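Here's the structure, in structure tokens; my notes come after.
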Amino acid sequence: MLALPAVWAGYDRGPSDIVAMIDAGHFRDAGLAIDAALAQPGLSADQRAALEFQRERMRRIRLDFPLTEADARRKLGELVPDLRDDEFVAWKRANLLEHLVIDGQPYYFSRAVSNLFLLDPVADARRRPPRKPSSGPMESANAYHDEALSEARASGKTIVAPRRVRVTQSIVVDADAVPAGETLRAWIPYPRLRPGQQEDLVFLASTPATHRIAPESTQQRTVYLEQAAKAGQPTTFSISYELTVYGQVHRIDPDRVQALGDRPDLAPYLGERAPHIVYTDALRRYSREVVGDETNPARIAQKLYAAVDRIPWAGAREYSTLSNISDYALHAGHADCGQQTLLLMALLRLNGIPARWQSGMVYSDGDYDNLHDWGWLYLAPYGWVPMDVTTGRFQDAKDPGVEWFYLGGLDAYRIAFNDDYGTDLVPAKRHFRSETVDSQRGEVEWAGGNLYFDRWDYRFKAQVLPLPGHAP
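Numbering of the sequence shown is given in this note's numbering, commencing with residue 2 and proceeding in unit increments.
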């Protein structure tokens, strides 16, 4: 969300008003307000860009919400043949069919119908043909969790059960997305080296061969590539690398957890960070309801983790369209991994527990891969320990260590590209980012502007390799 600098004083519509108008679906008024604000003298380049982005945000929201009410009814009726009007209205009122009223007309999220079957068991039971469950291998307790826990218990180590993986990640830009001969600039996410988590990284190749790897210090690390577009042909950018990823098992005893004390080094992970971590009144109320009178940081973390885990998963809007992601996760009735993670981070920080972001890709021994976000929290004397609230609890697990595996543990089937959100790429983009929060698919631009996700696609392929000296 835009700040409100002094230069805006006296204007009828400041940037925070414009953000609120867009969130409320008043696109026509927001467009007029943006035009008026841009016509004012004395705007800095940053202020002008921020206003232009709000216009772009409206365009992106319309891409996310393309369905009229008639479209949504027809699409749902194809899967629920005996759909009644009153049922559609009830699901709409409960926002189980996610929609926005834009300038007086309802428009439905592109994934509203498929999300309904994830959010409402009655609707799911009516679906014809029945929905095929789809989830990642690590979303259920399995042999890997047993392996990691067994190794941790036997050795006393927290770094366990590694995997060696070879990755090829690509961006394919649509044919004629830009005029022939124009230079396309691409950023493909690339792993950060994290001792005890990601090690022995080897860059193998790229297409084109000339590339620029961002410094290790870059919080959202990428490989930068350039290539001229050719008429009638898609443009492919690709990188390949290998690395070793380690699992984590931190067995936390709440009775050993201590108060932080004076830790200025942890201050960046404790405060608000607008726009996506803000201590709203609603967030404070929710925290009080969940935490109650608990004072032990580990038990507070467990309560908050369990509460956020209860929020159903559903396909997400593009993050760049949301003005406050943690608040959205609190109120939407569903959330995806990054939205849940930001909500949990906000709640932990509100309760004096440092929390930070991590994200990248998850992979498998087979063909499964996916974008994924998770985080870390700080508990003295254990230090930073991982958390993956979206994978959540395995409530049917007989072993308590498996039940709470992802509060203090991680599997080795994930690659972290990012140790923060919303930070700059290297080299810097000249135009708006497609993803303003995360960095997993990549970014593309040319001299004429950013290329949004509707103009290109990403591909990710991971192959688990034999790891010398380790036999799972």
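Beta carbons: idealized from backbone N, C-alpha and C, even for Gly.
Given the structure is predicted, the values throughout are model-derived calculations rather than measurements.
Listed as beta-bridge partners of G450 by DSSP are W447. By alpha-carbon distance to G449, the top candidate from I19, V179, L331, P298 is V179. Per DSSP, reduced to three states, the secondary structure at L52 is helical. Just measuring C-alpha positions, the residue of T391, V20, D121 sitting nearest H373 is T391.
Burial is judged here by how many other beta carbons sit within 10 angstroms of a residue's own beta carbon; V102 has fewer than 16 and is exposed. Around the beta carbon of A283, a 10 Å sphere encloses fewer than 16 other beta carbons of the protein chains shown; the residue is thus reported as exposed.
Going by beta carbons, Q341 and I301 fall outside the 8 Å limit.
Counting only runs that start and end inside the segment 16-98, the alpha helix (DSSP H) elements of at least 4 residues fall at 16-24, 28-39, 46-65, 70-80, 86-94. Distance from S171 to R460 at the Cβ level is roughly 4 Å; contact confirmed, criterion being Cβ atoms closer than 8 Å. Under the criterion of beta carbons closer than 8 Å, A463 and V168 qualify as touching, at roughly 5 Å.
In the structure shown, E200 adopts extended strand secondary structure according to DSSP, grouped into three states. In the DSSP assignment, S239 falls within the unbroken beta strand (DSSP E) covering 236-250. Ranked by Cα distance from V309, the options R318, D337, Y270 are led by D337. Closest by C-alpha distance to A95, out of G105, G78, A113, L80, is A113.
Between the alpha carbons of Y453 and S435 lies a distance of about 5 Å.
In the assembly as shown, L305 is a buried residue. Its beta-carbon has 16 or more other beta-carbons within 10 Å. Taking C-alpha positions only, F89 is separated from A330 by approximately 23 Å. A straight line joining the alpha-carbon of P216 with that of A347 spans about 29 Å. Per the coordinates, the alpha-carbon of W358 lies some 39 Å from the alpha-carbon of A181. N325 counts as buried, since at least 16 other C-beta atoms from the protein chains shown sit within 10 angstroms of its C-beta. Three or more Cβ pairs closer than 8 Å define a contact, and the segment 258-277 meets that threshold against the segment 376-392. The beta carbons of T437 and Y320 sit closer together than 8 Å. Pairing K158 with V250, the inter-Cα distance amounts to about 8 Å. T236 and W188 do not touch by the CB rule: their CB atoms are close to 14 Å apart, not below 8 Å. Going by DSSP, A463 is part of the beta strand (DSSP E) stretching over 457-466. With respect to L226, S207 sits close: the two C-beta atoms are nearer than 8 Å. Leaving aside the five residues that flank K430 on each side, the residues in its chain whose CB is nearer than 7 Å to its CB run, in chain order, E444, E446. A straight line joining the alpha-carbon of P469 with that of T245 spans about 11 Å. Secondary structure at Y280: coil, using DSSP grouped into helix, strand and coil.
Below 8 Å, enough C-beta pairs join the segment 53-67 and the segment 103-112 to call them touching: three or more. One Cα belongs to V123, the other to R85, and the distance between them is close to 13 Å. Contact between M59 and A31 holds: their C-beta atoms lie close to 7 Å from each other, under 8 Å. Taking every protein chain shown into account, the CB of S135 has fewer than 16 other CB atoms within 10 angstroms, so this residue is exposed.
DSSP links T169 through a beta bridge to S241, K462.
For a cut-off of 8 Å, the C-beta gap from A162 to G248 is around 4 Å, short enough to register as a contact.
DSSP places M346 in the uninterrupted alpha helix (DSSP H) bounded by 338-351.
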